[in-house]
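According to our numbering, the sequence shown holds residues 51 to 169 in order.
In what follows, a single structure is set out as structure tokens and then discussed.
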Amino acid sequence: MRKLLFVVVCSFAISGFALAQPGNNRTPEESAKLMTDRMKTELNLTPEQIAPVDSINLVFAKAQAKLREKANGDFSLIREDMQKLGALRIEAYEKVLTDEQIQAYKKWVEERRRNRGNQ
Numbered sequence: 051m052r053k054l055l056f057v058v059v060c061s062f063a064i065s066g067f068a069l070a071q072p073g074n075n076r077t078p079e080e081s082a083k084l085m086t087d088r089m090k091t092e093l094n095l096t097p098e099q100i101a102p103v104d105s106i107n108l109v110f111a112k113a114q115a116k117l118r119e120k121a122n123g124d125f126s127l128i129r130e131d132m133q134k135l136g137a138l139r140i141e142a143y144e145k146v147l148t149d150e151q152i153q154a155y156k157k158w159v160e161e162r163r164r165n166r167g168n169q
């Protein structure tokens, strides 16, 4: 369990860093698919969980894209809205994922937050 959690955190941290690179021009659909694929592997999603998680990821990827457009490079303008989106995403995941999967996801998000401060 501990090893799995370490792998999940490392994978998400590495992929999160890659997504934060300038010039990342993924569409919301590509971002959602990438996130779903990561979650499928790292959180061991069941076949029944994949479609709902993919839908959740697509909805939130589109919402984030709109916020990023609105920010026009100044992300301090949308920080609060992005945090609200993150909380809503977790609420949506809680309807689909197991408690163990939710805890692993929350730990990854927290680790990513801490790592952002070190950059």
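Just so you know, even glycine gets a beta-carbon here, dropped at the ideal spot from N, CA and C.
Because the structure is a prediction, the values reported are computed rather than measured.
Subject >> Three-way DSSP call (helix, strand, coil) for K145 in this model >> reply: Looking at K145 - three-state DSSP - the assignment turns out to be coil, as it is neither helix nor strand.
Original post:
Does DSSP put G136 in a helix, in a strand, or in coil?
Top reply: DSSP places G136 in helix when its eight states are reduced to three.
Original post:
If we ignore side chains and look at the alpha-carbon of each, how far apart do V146 and K116 end up?
Top reply: Whole-angstrom Cα-Cα distance: 25 angstroms.
Original post:
Alpha carbon to alpha carbon, what distance is there between N107 and P97?
Top reply: Spanning the two alpha carbons is a distance of roughly 16 angstroms.
Original post:
Between the stretch 85-100 and the stretch 112-127, do three or more beta carbon pairs fall short of 8 angstroms?
Top reply: Of all C-beta pairs linking the stretch 85-100 to the stretch 112-127, fewer than three are shorter than 8 angstroms, placing the two stretches out of contact.
**OP:** Give me the Cα-Cα distance between F110 and N165, rounded to the nearest whole angstrom.
**Re:** Put simply, the backbone Cα of F110 is about 22 angstroms away from that of N165.
Original post:
So what does DSSP say about L84, is it helix, strand or coil?
Top reply: Look at L84 here: in three-state DSSP terms it is helix.
**OP:** Take the Cβ of T86 as the centre, count every other Cβ of all protein chains shown within 10 Å, and call the residue buried at 16 or more, exposed below.
**Re:** The residue is buried, with at least 16 neighbouring Cβ atoms inside 10 Å.
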